[in-house]
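These protein sequence lines map, in sequence, to chains A and B. Our numbering puts the first residue of the first sequence at 1, with every later residue one more than the last. Our numbering puts the first residue of the second sequence at 1, with every later residue one more than the last.
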Amino acid sequence: MNPTDAHIKDRLLNIKDLPTIPAVHGRILKLIEDVNYSIEEVSRLIERDQVLSTKVLKLVNSPFYGLHSEVAAVRRAVVLLGGNLIRGVILSTALFGGMGEKLPGLWDHSYCCSMVAGFLARRFGLASVEEIMTGALLHDIGKILIKQQLKEAAVEIENVARSGGVLMIEAERQVIHITHDKVGLWLAEKWNLPDIIKNIIAYHHTPGRCGTHLKAAATVHFSDIIAKGIGVSYSDDPLAPALDEKGWASLGVDEGDIVDIVVEIVDLIQTDKMLSKYLSGGRGGEQKSI
Amino acid sequence: MQRLDIDEAIPSLVLAVTIKDKNGDIVLMKGVELTEKHIAVLRNRDVKRLIVEGAPLKREKGAEEAVLQEVDKRFSAAGAHPVIAKIKDTIKGLAV
Chain A
1 MNPTDAHIKD RLLNIKDLPT IPAVHGRILK LIEDVNYSIE EVSRLIERDQ VLSTKVLKLV
61 NSPFYGLHSE VAAVRRAVVL LGGNLIRGVI LSTALFGGMG EKLPGLWDHS YCCSMVAGFL
121 ARRFGLASVE EIMTGALLHD IGKILIKQQL KEAAVEIENV ARSGGVLMIE AERQVIHITH
181 DKVGLWLAEK WNLPDIIKNI IAYHHTPGRC GTHLKAAATV HFSDIIAKGI GVSYSDDPLA
241 PALDEKGWAS LGVDEGDIVD IVVEIVDLIQ TDKMLSKYLS GGRGGEQKSI
Chain B
1 MQRLDIDEAI PSLVLAVTIK DKNGDIVLMK GVELTEKHIA VLRNRDVKRL IVEGAPLKRE
61 KGAEEAVLQE VDKRFSAAGA HPVIAKIKDT IKGLAV
């Protein structure tokens, strides 16, 4: 790492500025580190926190889970989501906590990518669906950190992206010579996240360069393209990235299936309470269009 | 490609996407040319919408153009890979 990188890394990960994780959330994170964690105990702690309970229930009631009846009990949600996804919700809640309003659309985009990635991972027959969804939920955490820790540079990055019609990752490269995928990886390392989640965050723009978790990173990369294509995006970064060919090839998807895949995803988004606002009913004028 | 309400379906239109019912069971395969009988079956199976080849129905021009331009803009930095083109065209087809 060159000296400039090290300096930026220090500034970004300056511990006293990092979002604090509330004590109850910290206890939950500690509990789920053990794969044999007590579902009862984790559920009880989540129930004590209104924000977290709401998020967990919203997630499990997304149409992407395809449940026939609404889940109202946190305990059942914990069983269905699993420890990694709970961890993803807690960490993203901490990060988005004070920053959500400053990054309009980023939470929706992350949530959408998580659901789309879960749908695709199941469709592609991949293992680790839950980890892939968690990685998708956290894939842009580097953007939040840049916005929070490098405020002036973040404004410049947004200006470059907007005026130049380039992807935010390109603008980051121009302005701070470091990109959010790398920044996200630093944070993921600091948080000690599992390798698959670290790799998804680090390679969601370049899955072809990811060794061990190529397909997982490629799935999230593809989800990112679709979510942005549909218009579920962070308002300062609305452009779909180019396709990483090696990542795409690794998934072995028949190009003839793309239409079906996109149609199914749009249908699911249309029935999602949080995301349907991004779509129209298919008729011009009445609502916001797709 | 265009998405239609079941009330807009007419014979001779060709399905662009396989239709499934609420349980995920296939009702009609893509490529099928619709007949009156098919449309009756779709109504019977409570299918509300379908996606057909081409753009048989003329929508309100201005609104349609704006939506298509918006989708183009979103993909303006995504290159010309055939997969990207297919995703874009599908989204456009669903939008108008």
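Idealized CB from N, CA, C, for every residue including glycine. Model, not experiment: these values are computed from the prediction.
Rounded to whole angstroms, how far is the Cβ of V42 of chain A from the Cβ of I28 of chain A, which I believe are closer than 8 Å? Here residue 42 of chain A corresponds to residue number 42 of the first sequence, with the count starting at 1. Here residue 28 of chain A corresponds to residue number 28 of the first sequence, with the count starting at 1. Yes, they are in contact, since the Cβ atoms of V42 of chain A and I28 of chain A sit about 6 Å apart, within 8 Å.
Using a Cβ cut-off of 8 Å, pull out every chain B residue sitting near I258 of chain A, in sequence order please. As a working mapping, residue 258 of chain A is identified with position 258 in the first sequence. The answer, in chain order, is V83, K86, I87 and T90.
Report the neighbours of G79 of chain B on chain A: residues whose CB is nearer than 8 Å to its CB, in chain order. Position 79 of the second sequence, counted from the start, is the residue given in the question as residue 79 of chain B. Ordered by position in chain A, the residues that pass the 8 Å Cβ test against G79 of chain B are A242 and L243.
Three-state secondary structure (DSSP) of R283 of chain A: Your numbering for residue 283 of chain A matches position 283 in the first sequence. Residue placement at R283 of chain A is flagged as unreliable, the pLDDT there being 37, under the threshold of 50; a coordinate-derived value is accordingly withheld.
Nearest-angstrom beta carbon gap, A227 of chain A and C112 of chain A [assumed within contact, 8 Å]: Indexing the first sequence from 1 puts residue 112 of chain A at position 112. Indexing the first sequence from 1 puts residue 227 of chain A at position 227. Rounded, the Cβ-Cβ distance is 5 Å, consistent with contact.
May I ask you to report which of helix, strand or coil DSSP gives D25 of chain B? Stepping through the second sequence from its first residue, residue 25 of chain B is reached at position 25. Reduced to three states, the DSSP call for D25 of chain B is coil.
Extent of the continuous beta strand (DSSP E) to which D5 of chain B belongs: By one-based count along the second sequence, residue 5 of chain B stands at place 5. Unbroken beta strand (DSSP E) run through D5 of chain B: Q2 to D5.
Is R49 of chain B helix, strand or coil by DSSP? As a position in the second sequence, residue 49 of chain B is number 49, starting the count at 1. It is a strand residue.
Would a check of beta-carbon distances place E33 of chain B closer than 9 Å to chain A? Taking the first residue of the second sequence as position 1, residue 33 of chain B is located at position 33. Closer than 9 Å: no.
Which stretch, first to last residue, makes up the alpha helix (DSSP H) that contains T206 of chain A? As a working mapping, residue 206 of chain A is identified with position 206 in the first sequence. From DSSP, T206 of chain A is part of no alpha helix (DSSP H); its letter is neither H nor E.
Hey, could you find the ends of the alpha helix (DSSP H) K55 of chain A is sitting in? Counting from one through the first sequence, the residue named residue 55 of chain A turns up at place 55. From DSSP, the alpha helix (DSSP H) with K55 of chain A extends over Q50 to V60.
In three-state terms, what does DSSP make of I292 of chain A? The question about residue 292 of chain A has no answer, for chain A in this structure spans 1 to 290.
Under 9 Å from the C-beta of S76 of chain B: neighbouring residues of chain A: Numbered from 1 along the second sequence, position 76 holds the residue referred to as residue 76 of chain B. Neighbours of S76 of chain B on chain A, chain order: G165, L239 and A240.
Three or more C-beta pairs closer than 8 Å, one from the segment 207-216 of chain A and one from the segment 178-186 of chain A: is that the case here? no
A66 of chain B versus B:Q2, B:V32, B:I19 and B:A95, residue with shortest Cα-Cα distance: Here residue 66 of chain B refers to the residue found at position 66 of the second sequence. Per the Cα distances, B:A95.
Stretch-stretch touch, CB-based, cutoff 8 Å, three pairs: the segment 109-127 of chain A with the segment 146-155 of chain A: no
Close beta carbons around E172 of chain A, own chain, < 8 Å, minus the five adjacent residues each side: In the first sequence, the residue the question calls residue 172 of chain A occupies position 172. Answer for E172 of chain A: I146, I157, I178, T179 and H180, listed in chain order.
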